[in-house]
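Engineer: Numbering (full-length UniProt numbering), first residue to last: 1 to 228.
Even for Gly, the Cβ is constructed at its ideal location relative to N, Cα and C.
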């Protein structure tokens, strides 16, 4: 359903207006979608009262955190609980986040270094980015870390690191909506860098997504039964 919303949005200016996405980026978002620019992951937040259908509260498709806790630390808890006898020794968890992240990074392999970026003075974001960087390294990617504030502009508006190396691929824990409104946001239109998450994710990460899901998949259809 969410991906169908993206397909509708890139063909309908009224939807893009409703989402308050700057018109400057409509065409490049559509190009990103039609080019199938690769995505890594997202986080859906659900609530369940115990008897009614599960409800979707939010889809954080661009900058989801709580990843480190959900994958790595949840596995540590499982091992500790097994050792302490709190749960059976053959107990397992329905969680393959780390394995799937590594597999996805393998699919995204390139000889170009993959940069990992977040803002300074954001401990939670830094931890999440370092964790993802480690997963990428396990998948055989060459990785480098740089703070958003350290990104530079080279000749012709190319993105550079502190050693003036051109950045061609980057994972950023920094909202696309902020990037669009930054002074250098219009450079996104040139599509020189491969950003993870890609520009088309700006539709899914928008707070206006749920009303659109309700509109196009109205209750009481089976597909919308879990929407808030």
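Unbroken alpha helix (DSSP H) runs of length 4 or more, entirely within the region 18-98: which are they?
Structural biologist: Entirely contained in the region 18-98, the alpha helix (DSSP H) runs reaching 4 residues are, in chain order, 26-34, 74-84.
Engineer: Using only CA atoms, which one of 84, 211, 68 lies nearest to residue 99?
Structural biologist: When each option's Cα is compared against that of residue 99, the closest is 68.
Engineer: What distance in whole Å lies between the Cβ atoms of residue 139 and residue 115, which are believed to be in contact at a cut-off of 8 Å?
Structural biologist: Actually they are not in contact, since the Cβ atoms of residue 115 and residue 139 sit about 15 Å apart, beyond 8 Å.
Engineer: Starting from residue 5, follow the alpha helix (DSSP H) in both directions and report where the run begins and ends.
Structural biologist: Unbroken alpha helix (DSSP H) run through residue 5: 2-9.
Engineer: What would DSSP say about residue 190, mapped onto helix, strand or coil?
Structural biologist: It is helical.
Engineer: Is residue 109 helix, strand or coil when you go by DSSP?
Structural biologist: If DSSP states are grouped into helix, strand and coil, residue 109 belongs with coil.
Engineer: Are residue 59 and residue 85 touching if we call contact CB-CB under 8 Å?
Structural biologist: No, the Cβ-Cβ distance between residue 59 and residue 85 is not below 8 Å.
Engineer: Can you give me the Cβ contacts of residue 117 inside the same chain, cut-off strictly under 8 Å, excluding the 5 residues immediately before and after it?
Structural biologist: Excluding positions up to five away in sequence, the list reads 129, 145, 146, 147, 148, 151, 170, 171, 172, 173, 174.
Engineer: Taking the alpha helix (DSSP H) that residue 216 falls in, what are its first and last residues?
Structural biologist: Start and end: 209-216.
Engineer: Counting C-beta neighbours from all protein chains within 10 Å, is the total for residue 125 16 or more, i.e. buried, or is it exposed?
Structural biologist: The residue in question, residue 125, is buried, as its Cβ has 16 or more Cβ neighbours within 10 Å.
Engineer: With DSSP run on the structure shown, which of helix, strand or coil describes residue 200?
Structural biologist: Coil at residue 200, not helix or strand.
Engineer: Since I believe residue 206 is in contact with residue 19 (beta carbons under 8 Å), could you give me their beta-carbon distance rounded to a whole number of angstroms?
Structural biologist: Indeed, because the Cβ distance is near 5 Å, the residues count as touching under 8 Å.
Engineer: Using a 10 Å radius around the Cβ and a threshold of 16 neighbouring Cβ atoms, would you call residue 6 buried or exposed?
Structural biologist: Buried: at least 16 other Cβ atoms inside 10 Å.
Engineer: Check whether the Cβ atoms of residue 76 and residue 101 sit closer than 8 Å, and answer yes or no.
Structural biologist: Against a cut-off of 8 Å, the Cβ pair of residue 101 and residue 76 comes out as no contact.
Engineer: For the alpha helix (DSSP H) that contains residue 122, what are its first and last residues?
Structural biologist: That residue, residue 122, is in no alpha helix (DSSP H); it is neither H nor E in DSSP.
Engineer: Would you call the region 154-168 and the region 24-40 in contact, with 3 or more CB pairs under 8 Å?
Structural biologist: Short answer: they don't touch.
Engineer: Considering residue 144, what are the terminal residues of the alpha helix (DSSP H) in which it resides?
Structural biologist: Not the alpha helix (DSSP H): residue 144 falls in the beta strand (DSSP E), residues 143-147.
Engineer: Kindly indicate which three-state DSSP category residue 169 falls into: helix, strand or coil?
Structural biologist: It is a strand residue.
Engineer: Mapping the DSSP letters down to three states, classify residue 157 as helix, strand or coil.
Structural biologist: Correct three-state label for residue 157: helix.
Engineer: For residue 114, which beta-bridge partners are listed by DSSP?
Structural biologist: Answer by DSSP bridge pairing, in chain order: 143.
Engineer: At the level of alpha carbons, what is the spacing between residue 143 and residue 73?
Structural biologist: Distance between the alpha carbons of residue 143 and residue 73 is about 23 Å.
Engineer: Who are the near neighbours of residue 37 in its chain, counting only those whose CB is closer than 6 Å to its CB and skipping five residues on each side?
Structural biologist: So the list reads 198, once near-sequence residues are dropped.
Engineer: Along the alpha helix (DSSP H) that carries residue 177, what are the first and last residues, could you check?
Structural biologist: Here the alpha helix (DSSP H) through residue 177 covers 176-181.
Engineer: If you drop the 5 nearest sequence neighbours on each side, which residues of the same chain put their C-beta closer than 7 Å to that of residue 154?
Structural biologist: Result list for residue 154: 160, 164, 166, in chain order.
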